[in-house]
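J.: Supplied in structure tokens, the structure appears directly below.
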Amino acid sequence: MAKHLLTPEQTAQFQETGLLIVPGFYDQETDIVPIQRGIYDIIGQVMIRHGVEDNRGPFSPETFDQGYQDLIRANRSWGGEIYDAVKQIPAFFRLVSNTAHEDVMKQLRPDSVPAVAAGGYGIRIDNPNEDKFRAMWHQEYPAQLRSLDGLVYWSPLVPMTEDIGPVVFCPGSHREGPVPVTTHDPDNANRTGAYALMLHNEAELLSRYEKTAPLTNPGDLVILDFLVLHASGHNRSNRSRWSMQFRYFNFNEPVGRGHGWKGSFAAGVDFRTVHPELCIAG
Ligand SMILES: O=C(O)CCC(=O)C(=O)O
Ligand SMILES: [Fe+2]
2 MAKHLLTPEQ TAQFQETGLL IVPGFYDQET DIVPIQRGIY DIIGQVMIRH
52 GVEDNRGPFS PETFDQGYQD LIRANRSWGG EIYDAVKQIP AFFRLVSNTA
102 HEDVMKQLRP DSVPAVAAGG YGIRIDNPNE DKFRAMWHQE YPAQLRSLDG
152 LVYWSPLVPM TEDIGPVVFC PGSHREGPVP VTTHDPDNAN RTGAYALMLH
202 NEAELLSRYE KTAPLTNPGD LVILDFLVLH ASGHNRSNRS RWSMQFRYFN
252 FNEPVGRGHG WKGSFAAGVD FRTVHPELCI AG
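Quick note: the sequence shown uses the numbering used here, first residue 2, plus one each step.
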């Protein structure tokens, strides 16, 4: 495996903006298609489990999620079963801990001791016109903890179009450092855990940055600094937006080492107990 996966220009761009798009980073046949096939198979298993007739065509990478819209229309909770199941696809696990992720982290953070954030990897399924699970504007650190200088590796499994609601980023916003959050948001009373956190002074903060929502394709990689502001787009298409997230942190970082590399909500920890100074009461 090549140790220098990024060019010096790409590395410099990442340091400057906290964001890097790497087209065609993954290998379609060995990295991506086996995961799409795994999802196709699990959709079939959930059909059998609920006595739904499987009249899908054969697997193809372009239409791996066929049948999924019909399933969630029949019963939304079957979509939740699929969401939990797909992170257990062996090909997905192989990609989570792919050497390339460690090598990229070593390039971007030369003194780092890279680590996979437990509970920090998964496959998002952002359904059309569904708002409850959209990620509002956030930095990754409060949602994941582990270390202040982590990386999100984000990669789509379906082509991003304007309609499907690509993720929106504020390049350069990592320079803010960790931004205080509040949980006081009456509009989002149905949200829990990391989904309930809101940036303090969000409007003012966002007004200072350009926003970009790159239209990436399967095989492309988006690398994100843990402190860059970002939010889910709005899916107004008629296909679910399937995307993968892998989060890496650095054991060799003083803030994370100070709290023992604790995880956040997904690890059963309330972020506010670790960083009370970053929480503003509602
Ligand atoms: O895919 C999304 O909508 C949000 C992604 C995100 O917040 C992340 O990967 O950290
Ligand atoms: Fe995020």
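From the three backbone atoms N, C-alpha and C, an ideal C-beta is built for every residue, glycine too.
(1) Note down, in chain order, each residue of its chain lying with its Cβ closer than 7 Å to the Cβ of glycine 123, except the 5 sequence neighbours on either side.
(2) Report buried or exposed for leucine 21, applying the criterion of at least 16 other Cβ atoms within 10 angstroms of its Cβ.
(3) Across which residues does DSSP place serine 244 in a beta bridge pair?
(4) Can at least three beta-carbon pairs, one atom from the segment 170-183 and one from the segment 230-237, be found at a separation below 8 Å?
(5) Say the cut is 7 Å; is the CB of alanine 136 nearer than that to a heavy atom of ligand 2?
(6) Counting only runs of 4+ residues fully inside the segment 218-275, write out the alpha helix (DSSP H) ranges in chain order.
(7) Going by C-alpha distance, which of Phe266, Ala197, His276 is nearest valine 132?
(8) Going by beta carbon distance, what residues of the same chain come within less than 6 Å of methionine 2, once the five residues before and after it are set aside?
(9) Three-state secondary structure (DSSP) at threonine 8?
(10) Spatial neighbours of serine 156 within its chain, please: CB distance less than 6 Å, with the 5 preceding and 5 following residues excluded, ordered by chain position.
(11) Taking only runs that begin and end inside the segment 27-68, name each unbroken beta strand (DSSP E) of 3 or more residues, in chain order.
(12) First and last residue of the alpha helix (DSSP H) that includes alanine 86?
(13) Among Leu7, Ile90, Phe15, which has the Cα closest to the Cα of glutamine 46?
(14) On the DSSP bridge assignment, give the partners of isoleucine 22 in chain order.
(15) Who are the Cβ neighbours of alanine 267 in its own chain at under 6 Å, not counting the five residues just before and after it?
(16) Residues in the same chain with beta-carbon distance under 6 Å from aspartate 226, minus the five sequence neighbours each way, listed in chain order, please.
(17) Taking its Cβ as the centre, do 16 or more other Cβ atoms sit within 10 Å of serine 265, making it buried, or is it exposed?
(18) Anything with a beta carbon under 6 Å from a heavy atom of ligand 1 counts; list them all in chain order.
(19) Measuring straight from C-alpha to C-alpha, what distance separates leucine 109 and tyrosine 154?
(20) Would glutamine 70 and arginine 57 qualify as a contact pair, given that the criterion is a beta-carbon distance under 8 Å?
(21) If we define contact as Cβ-Cβ less than 8 Å, is proline 179 a contact residue for chain D?
(22) Do serine 148 and glycine 257 have their beta-carbon atoms positioned less than 8 Å apart in this structure?
(23) Mind reading off the beta-carbon distance from glycine 9 to glutamine 37? Whole number of angstroms is fine, and I expect it under 8 Å.
T.: Result, derived from the coordinates:
(1) Within the sequence shown, the letter at position 122 stands for residue 123. Excluding sequence neighbours, glycine 123 sits near Lys88, Gln246.
(2) In the sequence shown, counting from the first residue as 1, residue 21 sits at position 20. So leucine 21 counts as buried.
(3) As a position in the sequence shown, residue 244 is number 243, starting the count at 1. According to DSSP, serine 244 bridges with Arg125, Pro157.
(4) yes
(5) Counted from its first residue, the sequence shown places residue 136 at position 135. The answer is yes for alanine 136.
(6) 255-259, 272-275
(7) Here residue 132 is taken as the residue at index 131 of the sequence shown, counted from 1. It is worth fixing the name first, because residue 132 is aspartate in this sequence and not valine. Residue Ala197 is the option with its Cα nearest to aspartate 132.
(8) Numbered from 1 along the sequence shown, position 1 holds the residue referred to as residue 2. Its pLDDT being 43, under 50, methionine 2 is placed unreliably in this model, and the value from its coordinates should be taken loosely. These residues qualify, in order along the chain: Thr100.
(9) Here residue 8 corresponds to residue number 7 of the sequence shown, with the count starting at 1. Coil.
(10) Mapped onto the sequence shown, residue 156 falls at position 155. Excluding positions up to five away in sequence, the list reads Leu222, Met245.
(11) none
(12) The residue you call residue 86 lines up with position 85 of the sequence shown. Residues 77-87.
(13) Your numbering for residue 46 matches position 45 in the sequence shown. Checking every option, the nearest Cα to that of glutamine 46 belongs to Ile90.
(14) Along the sequence shown, read from residue 1 onward, the residue named residue 22 stands at position 21. Beta-bridge pairing links isoleucine 22 to Val223.
(15) By one-based count along the sequence shown, residue 267 stands at place 266. So the qualifying residues of the chain are Gly120.
(16) Start at 1 with the first residue of the sequence shown, and residue 226 comes out as number 225. If we look at aspartate 226 and ignore the five residues flanking it on each side, its Cβ neighbours are Gly19, His175.
(17) In the sequence shown, counting from the first residue as 1, residue 265 sits at position 264. When all chains shown are included, serine 265 counts as buried.
(18) Arg125, Asp127, Ala136, Glu141, Val153, Trp155, Val168, His231, Ser233, Ser244, Gln246
(19) Counting from 1 along the sequence shown, the entry for residue 109 is found at position 108. Counting from 1 along the sequence shown, the entry for residue 154 is found at position 153. In a straight line, the C-alpha of leucine 109 is about 13 Å away from that of tyrosine 154.
(20) As a first step, residue 70 must be located in the sequence shown, where it is residue number 69. As a first step, residue 57 must be located in the sequence shown, where it is residue number 56. No, the pair does not count as a contact, with Cβ atoms beyond the cut-off.
(21) The structure shown contains no chain D; it is built from a single protein chain.
(22) Counting from one through the sequence shown, the residue named residue 257 turns up at place 256. Counting from one through the sequence shown, the residue named residue 148 turns up at place 147. Cβ distance < 8 Å, so glycine 257 and serine 148 count as in contact.
(23) Along the sequence shown, one-based indexing puts residue 9 at 8. Along the sequence shown, one-based indexing puts residue 37 at 36. Checking the sequence shown, residue 9 turns out to be proline, not glycine. Contact flag wrong, Cβ pair sits at about 33 Å.
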